[in-house]
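First comes the structure, then the notes that go with it.
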Amino acid sequence: MIKVGIVGGTGYTGVELLRLLAQHPQADVTVITSRSEDGVKVTDMYPNLRGHYDGLAFSVPDAATLGACDVVFFATPHGVAHALAKELLDAGTRVIDLSADFRLQDADEWAKWYGQPHGAPDLLPEAVYGLPEVNREQIRGARLIAVPGCYPTATQLGFLPLLENGLADASKLIADCKSGVSGAGRAAKLGSLFTEAGESMMAYAVKGHRHLPEISQGLRRAAGGDVGLTFVPHLTPMIRGIHATLYATVIDTSVDLQALYEQRYAEEPFVDVMPAGSHPETRSVRGANMCRIAVHRPQGGDLVVVLSVIDNLVKGASGQALQNMNILFGLDERLGLGNVALLP
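The C-terminal residue of the sequence shown carries number 344 in full-length UniProt numbering, and the numbering is unbroken.
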């Protein structure tokens, strides 16, 4: 059994990790931490986990205890993993970080977007960006994995086939993305209140969202050069889900884009390229570690519209983290991730 530790288990991504790991036949959660909930039983906070974690309680983070685990997940705000990651790596523990702490390769760029100096810049060169559809081989031998964000996952998977094959004008990419309210986290915030977020939709961070440099970094790798990306996120009155509507100008209109996408993702267990003309719904991935994609060329012109949907808490966070763990330990990538999406 893989001994698992979770740092920051009281947020949505933390409890989602617990839900998914409860169904994993090769994983045993031995420690879960929270400074604010020290001593509280996990099942008292999350009754949906009764019968799975009845003896597990939150504790204050301790490097020695966490270092006894085979792998530790960080489901924490940015900046937290900086302090503990090196100690755990030195102890031989693998680290899978769901925060943004190790996603960007440039420490100065990270500091610019997150408003504080990077606390562990020496670890950035070895951090592997945990998008399995791109970096599967690097993940296998990694010590430190940075799990992609929700918007970056949906956006990159949608654009990758075009950019990898040089089929789109990389200087004029648009990502128009919608997120459920859980993407804002579990902390009490005015904008997340039901009376504020319900029956309304709004764009935010149009000047620049923290996920912009992460998305751009990934798209540059795919394109093999600079990209120009306009990224506009929106908050929608749903709990879970990301819907990314992506626009690009096609360079060669003779290419069969449907076939291109189907071939690119044919061997990917968690990417579903839908039949031509489809319009994937966020509810079709709710609770599942799946990205559903549809590709369109309206009126047969040179504009391609790609629709990409994920559950922000699963393929956009905890499910993808577990997918990385499976790869890291040489397990079937699908282990513990067989959930069918919830309908209605």
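For each residue, glycine too, the CB sits at the ideal point set by N, CA and C.
Cα-Cα separation, residue i to residue j
{"i": "N289", "j": "S318", "result": "9 Å"}
{"i": "R94", "j": "K86", "result": "10 Å"}
{"i": "S278", "j": "R220", "result": "28 Å"}
{"i": "P148", "j": "G51", "result": "31 Å"}
{"i": "V31", "j": "E281", "result": "36 Å"}
{"i": "G198", "j": "V181", "result": "10 Å"}
{"i": "P275", "j": "L257", "result": "12 Å"}
{"i": "R297", "j": "A170", "result": "17 Å"}
{"i": "A222", "j": "V250", "result": "16 Å"}
{"i": "L229", "j": "G55", "result": "48 Å"}
{"i": "E109", "j": "L123", "result": "15 Å"}
{"i": "L88", "j": "P233", "result": "35 Å"}
{"i": "F231", "j": "D311", "result": "19 Å"}
Limits of the unbroken alpha helix (DSSP H) element including residue i
{"i": "F159", "result": "150-164"}
{"i": "Y261", "result": "257-264"}
{"i": "L328", "result": "319-328"}
Simplified DSSP assignment, three categories, for residue i
{"i": "F194", "result": "helix"}
{"i": "V305", "result": "strand"}
{"i": "A223", "result": "helix"}
{"i": "S179", "result": "strand"}
{"i": "H211", "result": "helix"}
{"i": "A184", "result": "helix"}
Contact check, residue i vs residue j, beta carbons under 8 Å
{"i": "E24", "j": "G336", "result": "The question names Glu, but residue 24 in the sequence shown is His. Yes; because the gap between Cβ atoms is below 8 Å, this pair is in contact."}
{"i": "S284", "j": "A341", "result": "yes"}
{"i": "L20", "j": "I6", "result": "no"}
{"i": "A154", "j": "I96", "result": "no"}
{"i": "F58", "j": "G9", "result": "yes"}
{"i": "G14", "j": "A75", "result": "yes"}
{"i": "G130", "j": "Q320", "result": "yes"}
{"i": "A120", "j": "H82", "result": "yes"}
{"i": "S192", "j": "C150", "result": "no"}
Boundaries of the beta strand (DSSP E) in which residue i is found, first to last residue
{"i": "A294", "result": "291-296"}
{"i": "L246", "result": "242-249"}
{"i": "D272", "result": "271-273"}
{"i": "I145", "result": "144-146"}
{"i": "V232", "result": "229-235"}
For the UniProt domain "Semialdehyde dehydrogenase NAD-binding" (3-142), list the beta strand (DSSP E) runs that are entirely contained and at least 3 residues long, ordered along the chain.
-> Along the UniProt domain "Semialdehyde dehydrogenase NAD-binding" (3-142), the beta strand (DSSP E) occurs as fully enclosed runs of 3 or more residues at 27-33, 71-74, 94-97, listed in sequence order.
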